[in-house]
Every structure is written in structure tokens, then in C-alpha cells.
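Each residue of the sequence shown is one higher than the last, beginning at 9 in our numbering.
The beta carbon of each residue, even a glycine, is placed where N, CA and C say it ideally should be.
Being a predicted model, the structure only gives us computed values, none of them experimental.
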Amino acid sequence: MKITKIKLLMTAAIVTVSMVTFADNEDNSLVNLPVTKLKYFESGFGPLQAAPAYGNLANGAHGTFIKLPAGFISPAHIHSEDYHAVVISGVVANGVPGSKMEELPVGSYYFQKGGEGHISKCLSANECVLFLSQPGKFDYLPDTQTHTHTRTHQK
Numbered sequence: 009m010k011i012t013k014i015k016l017l018m019t020a021a022i023v024t025v026s027m028v029t030f031a032d033n034e035d036n037s038l039v040n041l042p043v044t045k046l047k048y049f050e051s052g053f054g055p056l057q058a059a060p061a062y063g064n065l066a067n068g069a070h071g072t073f074i075k076l077p078a079g080f081i082s083p084a085h086i087h088s089e090d091y092h093a094v095v096i097s098g099v100v101a102n103g104v105p106g107s108k109m110e111e112l113p114v115g116s117y118y119f120q121k122g123g124e125g126h127i128s129k130c131l132s133a134n135e136c137v138l139f140l141s142q143p144g145k146f147d148y149l150p151d152t153q154t155h156t157h158t159r160t161h162q163k
């Protein structure tokens, strides 16, 4: 329990420090963020990694790159806020547990309603990268209404 609290505090500190890098653009000046300058950090949500483009995923509106490991299958979960996503690399699937999920290759878009249970998958042999835009903080809550067994990561 003590180690879990320490890990949680360390994750929160890393998120806060990492987000400051690109989150502050109060003068609305031009921002260019080459892929080579993205700074990924452990998101605190399983194996997902995150890199900020704008905002702060920990506490408000944000645009964030999210890496999913190859073969990743999330447990059924919900997010408090809606989000929009674009597939940057790999092939993903996102949908209601037990449903037939459409493959979404590079360049594909999807919308996920807040409070709606779903599963996210990286179907590729290599990692998948998404760009998420969300009007509020990013959270990852278990979907207690779904009784579908899923794996958190497959190699």
C-alpha cells in the first residue's frame, strides 16, 4: 500500500512537470512541435504513455499523444469526459465490449462519449499512437457495468 501511494505521487509529479513543457502558451503565439520533441511519460494508466501537445491531461482540457503497446487490449473502462482521437501510427480498434470492432488504420478518427463503457485495442505488431483531444481531464475508470473479461496486455 505504501509503495502504491509513493508510485501515485511520483506519477503525479512527473505528469505535472512534463505537462508544463508545452502546456503554457498563454500569449497564443505560434507553436511547432516536431515528433522528435515529444516527451513521453508514464501516464499512470497501465502501460499507456502520454506526451502533451497542449493543456494538461491531469486537470483540464488537453491535446495529448498516447502510446499503446503492440497487442494492447484494455479492460472495459470509461472516461468522465468525451474525447476525439486520430490514429497517428498502427491500427487500433475502439468499441463496446463484445461488439464487432472496426479496424482503424493510420489517419482514422473516432469519437468516444464520456461515461460510455468501451475497450481500446492496438492491433498492430508495433506500438500504436493516438492523438486525443479532450475538453477536461483524462481519467481511466473501470466499467463496473460490463462483465466482459478482457486482458490488459498481450505480447
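Alpha-carbon spacing of residue i relative to residue j, whole angstroms
i    : j    : result
Y148 : K108 : 22 Å
K47  : E111 : 28 Å
F80  : D35  : 39 Å
A133 : H92  : 24 Å
I74  : K45  : 15 Å
Of the listed residues the options, nearest to residue i (C-alpha basis)
i    : options                 : result
T152 : V114, G63, I96 and P105 : P105
G54  : G125, S97, K145 and P83 : P83
V43  : I127, S97 and S37       : S97
A78  : A101, H92, G68 and N67  : A101
Y2   : S132, V94 and E124      : This structure cannot speak to residue 2, because the chain is shown only from 9 to 163.
I86  : G63, G115, K121 and H92 : K121
D90  : H70, I81 and S132       : H70
Per-residue burial, residue i [other beta carbons within 10 Å of its own, 16 or more giving buried]
i    : result
P143 : exposed
S88  : exposed
L138 : buried
S51  : buried
L56  : buried
G123 : exposed
Chain-order list of residues whose beta-carbon lies under 6 Å from that of residue i (same chain, five-residue window excluded)
i    : result
L76  : C130 and C136
T72  : A58, P60, L65 and L140
P113 : V99
V116 : Checking the displayed sequence, the identity of residue 116 turns out to be Ser instead of Val. So the qualifying residues of the chain are V95.
Cβ shell of residue i (< 8 Å), same chain only, five flanking positions each side left out
i    : result
G103 : M109, E110, H126 and I127
Neighbourhood of residue i by C-beta distance below 7 Å, restricted to the same chain and skipping five residues each side
i    : result
G68  : G144 and K145
P150 : P83 and H85
Cutoff 7 Å: residue i Cβ touching any chain D Cβ
i   : result
P60 : Among the chains in the structure shown there is no chain D, since it carries only a single protein chain.
- Message: Which runs of the beta strand (DSSP E) at least 3 residues long sit entirely within the stretch 47-102? Give them in chain order.
- Response: 57-63, 70-76 and 91-97
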